[in-house]
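Participant: For any residue, its number in the UniProt record's numbering is found by taking its place in the sequence shown, counting from 1, and adding 5. Each residue gets a CB set at the ideal place from its N, CA and C atoms; glycine is no exception.
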Amino acid sequence: QSDIRTKLIEAFSKADGNFISGQEIAEYIGCSRTAVWKHIEELRSEGYILEAVRKKGYRIVTKPEKVTANEIQLGLAAEVFGKAIHYEETVDSTQKIAHRLAGSGAPEGTLVVAEEQSFGKGRLSRNWYSPKYTGIWMSLILRPNIPFQQAPQLTLLAAVAVVQGIEEATELMPGIKWPNDILINGKKVTGILTELQAEADRIHSVIIGIGINVNQKNGDFPEDLLEKASSLFIETGHQVSRAKLIQHILVKMEILYKLYLEQGFAPIKVLWESYAVSLGKEIKASTLTETIHGTALGITEEGVLLVEGHDGQIHNIYSADIEL
Ligand code: BT5
6 QSDIRTKLIE AFSKADGNFI SGQEIAEYIG CSRTAVWKHI EELRSEGYIL
56 EAVRKKGYRI VTKPEKVTAN EIQLGLAAEV FGKAIHYEET VDSTQKIAHR
106 LAGSGAPEGT LVVAEEQSFG KGRLSRNWYS PKYTGIWMSL ILRPNIPFQQ
156 APQLTLLAAV AVVQGIEEAT ELMPGIKWPN DILINGKKVT GILTELQAEA
206 DRIHSVIIGI GINVNQKNGD FPEDLLEKAS SLFIETGHQV SRAKLIQHIL
256 VKMEILYKLY LEQGFAPIKV LWESYAVSLG KEIKASTLTE TIHGTALGIT
306 EEGVLLVEGH DGQIHNIYSA DIEL
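1. Rounded to whole angstroms, what is the Cα-Cα separation between Q268 and Q158?
2. Return the residue from the list V167, I45 and A89 that minimises the CA-CA distance to T195.
3. Given that a residue counts as buried once 16 or more other Cβ atoms are within 10 Å of its Cβ, and exposed if not, what is F124?
4. Report yes if the CB atom of P69 is closer than 8 angstroms to the CB atom of G52, and no otherwise.
5. So, with DSSP's three-state summary, where would you put T99?
6. Buried or exposed: R207, going by 16 or more other Cβ atoms within 10 Å of its Cβ?
7. Select from G108, W133, G114 and E173 the residue whose C-alpha is nearest the C-alpha of S98.
8. Using the rule of at least 16 other Cβ atoms within 10 Å of the residue's Cβ for burial, across every protein chain shown, is G242 buried or exposed?
9. Would you mind giving the Cβ-Cβ distance between L116 and A156, rounded to the nearest angstrom? I have them listed as a contact below 8 angstroms.
10. What are the start and end residues of each continuous alpha helix (DSSP H) run of 4 or more residues lying completely inside the region 82 to 157, in chain order?
11. Q202 lies in the beta strand (DSSP E); which residues open and close that run?
12. Based on Cα-Cα distance, which residue from G308, I141 and D225 lies nearest to L250?
13. Can you tell which of Y92, L162 and H315 has the C-alpha that lies nearest to the C-alpha of M258?
14. Spell out a yes or no on whether the region 78 to 97 and the region 33 to 51 are touching, meaning 3 or more CB-CB pairs, one atom from each, closer than 8 angstroms.
15. For W277, verify whether its CB is less than 7 angstroms away from any heavy atom of the ligand BT5.
16. What residue range is occupied by the uninterrupted beta strand (DSSP E) comprising N220?
17. If you count every other CB in all the chains shown that lies within 10 Å of the CB of E76, and 16 or more means buried, which is it?
18. Classify A57 as helix, strand or coil using the three-state DSSP reduction.
19. For L261 versus L177, is the C-beta spacing smaller than 8 angstroms?
20. Thinking C-alpha only, which one of P149, S279, Q122 and I239 is nearest V211?
21. To the nearest angstrom, how far is it from the Cα of E287 to the Cα of G62?
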């Protein structure tokens, strides 16, 4: 499979921007023209723009932009976040690498980023679908001096930063669904996973994993996500530069993080609430032990969700899946 892919890309780079016929490609690779067509479709879904002209064949118009350290750091306006970047083409999970780096003393603001994750993770060991070149799959290492109970606030902080970053990079206005989903037109474009390295109640590091669907096209998602996931491309109708979006997010996040360390969660809470889509609405909250139907009232100073059940009782929700 990947041999064919390599040879296909080789054939195109030899053609150097000129057309190369399906027949020539098939001969070069040693496969059928149908197989060539299939692989070309696959390249397209990864963000390659290929022109096809009858009787002439195919040519590459643009290759996907990558999110290497250089691409991200060139023109990056953040001071500390993204100063150290660990980039890899393919990883199992950027979280895993970030944990390893954090454990061996990587400084605050170190960013791990990959083009593709083979085992991207969500909360509760769920999977996070992370196809090559079309999304942002990154983990940021923080070392805040806060009690570990407050770490969930950083998930909310990251969500605000991602919303603001998307607003800078596109004309979209995303909303946040507590605690960690960013939605556009009711569909999930971003998930955030916060993990800790702590001892007693001292935090060594907080690893904030951010997954953003950027340039996936309609129909690129697997069946079970088709209805509930979307991408910035689908919502705007155009390609969005992943490197630029990462830059915007790092800048926003650095500003919010400084504010948080100086003034606590209060100013972040106000911003978070201004983007929240679930407040005041009827929701269903499924925790590990129960399901609560009621009205989402707001979040506390700690970032805990308050839900007023139909029985009038107020529930503090620390962790749950929310359905609107
Ligand atoms: C999350 O979990 O939303 C957190 C996702 C964090 C992913 C980042 S990527 C960089 C870093 N490295 C990692 O390995 N992870 C982090 P949760 O709230 O549990 O949502 C998971 C659910 O979202 C899945 O069960 C699917 O239903 C759905 N899902 C999976 N992939 C998706 C995608 N690409 N877009 C939208 N929804 C998705």
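Facilitator: Checking against the coordinates, here is how it stands:
1. 13 angstroms
2. V167
3. exposed
4. yes
5. helix
6. exposed
7. W133
8. exposed
9. Contact doesn't hold; Cβ gap of about 19 angstroms is too wide.
10. 99 to 108
11. K192 to E204
12. I141
13. L162
14. no
15. no
16. No beta strand (DSSP E) contains N220, which DSSP labels as neither H nor E.
17. buried
18. strand
19. no
20. P149
21. 55 angstroms
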